[in-house]
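From first to last, the protein sequence lines are chains A and B.
Okay, so the first sequence: first residue is 1 according to the numbering used here, each after it adds one.
Okay, so the second sequence: first residue is 113 according to the numbering used here, each after it adds one.
Glycine included, C-beta positions come from ideal geometry on N, C-alpha and C.
Computed from a predicted structure; not experimentally measured.
What follows is a short report on a single structure.
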Amino acid sequence: KAGVTQTPRYLIKTRGQQVTLSCSPISGHRSVSWYQQTPGQGLQFLFEYFSETQRNKGNFPGRFSGRQFSNSRSEMNVSTLELGDSALYLCASRRGREYEQYFGPGTRLTVT
Amino acid sequence: SQQGEEDPQALSIQEGENATMNCSYKTSINNLQWYRQNSGRGLVHLILIRSNEREKHSGRLRVTLDTSKKSSSLLITASRAADTASYFCATDESNYQLIWGAGTKLIIKP
């Protein structure tokens, strides 16, 4: 079974621009979560989608948004990029609640 | 918000020794999960222990959960160089959102 895939793997953007990251979950997994990981802050939860509905949302500004498609693939968008948005963005899928998460390799975003 | 807090923040031991990491949390949980992250394999799930379980094993890994103390421990026996990684605990809260600790950095010296 193929793992969680994320594209692109690396991205360099300029402050003020916007970016869209993509995640394809493991086949059969309907839950997709997004996390931001920075050296000082660990993993910070962004949001979780299940069957195209946002189920949970973390404490991030409205510049961070996401969506999930009918095939469970998910995208997250960050608008008006700031230097502090530089981080590793991880996507994870799971079969459902009370199950473990499977992570993709992440997208390394650098904002200059 | 950060629920799980790992202790210690960093741990350096000799190959072959056992490593113990602890995780404390604040609210009631459905389950607690341990993950490992290294540069080669990314973030990988190790063990999930449910709130009604007290101990779980997987190979050289042993996890305990004490819900009365709101704490968990991860024991790695007979450590190997490949165990060098950061270890995270994540608590699955009542709304099934995973909350992560800052991690324990484990270094295995040859």
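Rounded to the nearest angstrom, what separates residue i and residue j at their Cα positions?
i        : j        : result
LEU187/B : PHE60/A  : 34 Å
GLN126/B : PHE50/A  : 44 Å
GLN209/B : GLY128/B : 36 Å
THR179/B : THR216/B : 21 Å
ILE119/A : ARG108/A : The first residue shown for chain A is 1 and the last is 112, placing residue 119/A beyond what the model contains.
ASP197/B : ARG174/B : Note that residue 197/B is Ala in the sequence shown here, rather than Asp. Roughly 17 Å between the two C-alpha positions.
ALA194/B : SER170/B : 16 Å
GLN121/B : ALA214/B : 8 Å
THR14/A  : LEU81/A  : 7 Å
SER113/B : ASN207/B : Confidence in SER113/B is poor, its pLDDT being 42 and thus under 50, which makes the residue's placement too unreliable to answer from.
SER79/A  : CYS23/A  : 18 Å
THR132/B : PRO222/B : 18 Å
ARG94/A  : GLU48/A  : 10 Å
Grouping DSSP H, G and I as helix and E and B as strand, with all else coil, what is residue i?
i        : result
ALA193/B : helix
GLY16/A  : coil
LEU81/A  : coil
ILE141/B : coil
HIS29/A  : coil
SER151/B : coil
GLU165/B : coil
Could you check which residue in the options has the C-alpha nearest to that of residue i?
i        : options                                   : result
GLY154/B : SER51/A, THR110/A, GLN101/A and VAL111/A  : GLN101/A
GLY3/A   : PHE103/A, LEU109/A and PHE45/A            : PHE103/A
ASP85/A  : GLN41/A, GLU52/A, SER31/A and GLN6/A      : GLN41/A
TYR89/A  : LEU21/A, ARG55/A and LYS13/A              : LEU21/A
THR143/B : ILE220/B, GLU167/B, ARG172/B and PRO222/B : First, the residue type needs correcting, since residue 143/B is Asn and not Thr in the sequence shown. Comparing Cα-Cα distances from ASN143/B to each of ILE220/B, GLU167/B, ARG172/B and PRO222/B, the minimum goes to GLU167/B.
ASN134/B : GLU165/B, GLU117/B and LEU218/B           : GLU117/B
ASN164/B : PHE45/A, LYS1/A and GLU98/A               : GLU98/A
Does the Cβ of residue i lie closer than 7 Å to at least one heavy atom of the ligand ZN?
i       : result
PHE69/A : This structure lacks the ligand ZN; in fact it carries no ligand of any kind.
Just list the residues that DSSP pairs residue i with in beta bridges.
i        : result
THR7/A   : SER22/A
ASN207/B : Paired residues: none, contrary to the question.
TYR99/A  : TYR99/A is not bridged to any residue.
ASN134/B : ASP119/B and SER185/B
GLU75/A  : SER22/A and ARG67/A
THR110/A : ILE12/A
Identify each residue in the region 9-32 of chain A for which the Cβ-Cβ distance to at least one residue of chain B is less than 7 Å, and report them in chain order.
-> Sequence-ordered contacts of the region 9-32 of chain A with chain B are nonexistent [C-beta pairs closer than 7 Å].
Using Cβ-Cβ distances below 8 Å, what residues of the region 149-174 of chain B are close to chain A?
-> GLY154, LEU155, VAL156, HIS157, LEU160 and ARG162
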